[in-house]
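Q: Residue numbers for the sequence shown follow our numbering, beginning at 3 and rising by one. Every residue gets a Cβ at the ideal spot worked out from N, C-alpha and C, and that includes glycine. No experiment lies behind these values; they were computed from the predicted model shown.
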Amino acid sequence: MDRASYNHCMSPYMKGSKPKEQRQLDFCIGSKVCSRKANNEDDARQICLLPKEPKPPRIKRGNGQSCEREVSELAHCIIGKIDMSLAGKSMENAIRGAMMECRCG
Numbered sequence: 003m004d005r006a007s008y009n010h011c012m013s014p015y016m017k018g019s020k021p022k023e024q025r026q027l028d029f030c031i032g033s034k035v036c037s038r039k040a041n042n043e044d045d046a047r048q049i050c051l052l053p054k055e056p057k058p059p060r061i062k063r064g065n066g067q068s069c070e071r072e073v074s075e076l077a078h079c080i081i082g083k084i085d086m087s088l089a090g091k092s093m094e095n096a097i098r099g100a101m102m103e104c105r106c107g
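(1) Should Lys54 and Ala46 be called a contact, given that it needs their Cβ atoms to be closer than 8 Å?
(2) Answer with buried or exposed for Ile81, where buried requires no fewer than 16 other C-beta atoms within 10 angstroms of its C-beta.
(3) Let me make sure I understand the geometry here. Which of Met3, Asp44, Leu76 and Ile31 has the alpha-carbon closest to that of Met16?
(4) Give the secondary structure of Lys39 by DSSP, where H, G and I count as helix, E and B as strand, and everything else as coil.
(5) Are there 16 or more other CB atoms within 10 angstroms of the CB of Ala100, so buried, or fewer, so exposed?
(6) Can the beta-carbon of Met12 be found less than 8 Å from the beta-carbon of Cys50?
(7) Does DSSP put Pro58 in a helix, in a strand, or in coil?
(8) Would you tell me roughly how many angstroms separate the C-alpha atoms of Asp44 and Tyr8, rounded to the nearest one?
In structure tokens form, the structure reads like this:
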């Protein structure tokens, strides 16, 4: 479906004065029907009424801390935590353990 056809299909779902929740539901239903992710409005309504998956929490960097600085600090911490005698045998496990220590404890 090209953009013009999609816009034409969506127009009835976006018209009219409605409360915010109804407008959001109608838009969702229209988008599912017009993009052919649902066969009809009832299927689209069921999809739209499913609970939303929670978004992962955002990492807050206070005091203007940049990503580069955070990575640098993490790398410095990890280097100090890696047991170099184990690193030759299992570098991946050594790095994972060091990261867990630095980030989680």
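A: This is what the structure gives:
(1) no
(2) exposed
(3) Ile31
(4) The DSSP-derived three-state label of Lys39 is coil.
(5) buried
(6) For Met12 and Cys50, no; Cβs fall outside 8 Å.
(7) coil
(8) When rounded, the distance between both Cα atoms is 19 Å.
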